[in-house]
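**Q** Here the sequence shown is numbered in the numbering used here, starting from -2 and rising by one per residue.
The beta-carbon is built from N, C-alpha and C at its ideal position, and this holds for glycine as well.
Sending over a structure as structure tokens; questions will come in a sec.
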Amino acid sequence: SWPLERGTTPGHPNLAFNLTIFSQLLGTPLEPELKGHVLMLEDVGEYMYRIDRYFYHVTSNANVRACAGIRLGRCSAVPKNDPDFELNEEDVARFWCERAGIPYLGRADIGHDSDNKVVPFG
């Protein structure tokens, strides 16, 4: 059996996505309904300035603003930025969630690695 992500929020369905891919789904017919859902986002191999840009784009979306909150999975293999970006992925997530009025619900144990946990959808 696969290990489950244990930080789910009772009473709220979950959706988990790669941040880059999810940002590209917004505004298309493939954009999922998010009202009342806990949205878990993770990424791999992206510069911090891109993660920042994706969070700005994602948290600017009215559908995303209707979610129950955002949890941040692992952002792994982040290339070194020159000059240094000065913020880490959690700083970025907290900043954009606060600015958009979306509850930031902490970290999620998901990512592009062997320690990834299963997130029950729905």
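First and last residue of the alpha helix (DSSP H) that includes Val61?
**A** Per DSSP, Val61 belongs to the alpha helix (DSSP H) from Ala59 to Arg62.
**Q** For Val55, which residues does DSSP report across the bridge?
**A** According to DSSP, Val55 bridges with nothing at all.
**Q** Could you have a look at Leu23 and say whether DSSP puts it in helix, strand or coil?
**A** Leu23: coil per DSSP, three-state reduction.
**Q** Please go through the segment 58 to 92 and give each complete beta strand (DSSP E) segment of 3 or more residues, from N-terminal end onward.
**A** Entirely contained in the segment 58 to 92, the beta strand (DSSP E) runs reaching 3 residues are, in chain order, 66 to 73.
**Q** Residue range of the beta strand (DSSP E) that Gly103 falls in?
**A** Taken as a continuous stretch (DSSP letters only), the beta strand (DSSP E) holding Gly103 covers Tyr101 to Arg104.
**Q** Please return the same chain residues whose Cβ sits closer than 8 Å to the Cβ of Phe82, not counting the five positions on each side in sequence.
**A** Same-chain partners within the cutoff: Tyr44, Met45, Tyr46 and Asp49.
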